[in-house]
Amino acid sequence: MGVGRFELGTEQLKVDLLGRAAVYRGERIALCPRELDLLAHLLIRHPATVSRAELLRAVCRLSIDPGTNVVEVHLCRLRAKLARRGAGRIIETVRGEGYRLAMAASG
4 MGVGRFELGT EQLKVDLLGR AAVYRGERIA LCPRELDLLA HLLIRHPATV
54 SRAELLRAVC RLSIDPGTNV VEVHLCRLRA KLARRGAGRI IETVRGEGYR
104 LAMAASG
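Residue numbers (our numbering): 4 to 110.
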């Protein structure tokens, strides 16, 4: 990730918002725009648990739940791509609450 970019993340997982790129342990991960936005939102809110409704509002720009599983589908794809890089359980489902990143907060 280049100098002067707006980056989110921890030592091991970063998202470059301007360059629209994700990197895990130094290796770039090819993500679709919505997957990148989901990951960025989870990083912004890390270590908090983020509700499905919040992800619909922030990432999908939906103020109501239309009964779609778009969040779950994109999270499933994002998890699979992260798993291929060795980050298999980095996104946790918190039953009845939402999702969170399962890694140490930077700082």
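For each residue, glycine too, the CB sits at the ideal point set by N, CA and C.
query	result
Member of Arg92, Thr52, Lys84 whose CA lies at the smallest distance from the CA of Glu38	Lys84
Inter-residue Cα distance where the pair is Leu34 and Ala24	8 Å
Contact the stretch 96-105 vs the stretch 50-58: 3+ CB pairs below 8 Å	yes
Boundaries of the beta strand (DSSP E) in which Glu30 is found, first to last residue	30-32
Proximal residues to Ala105 (C-beta, below 8 Å), its chain only, five neighbours per side dropped	Arg92, Ile93, Ile94, Glu95
Neighbour flag for Arg92 against chain D, beta carbons, 7 Å	Going by chain labels, chain D is absent from the structure shown, which holds only one protein chain.
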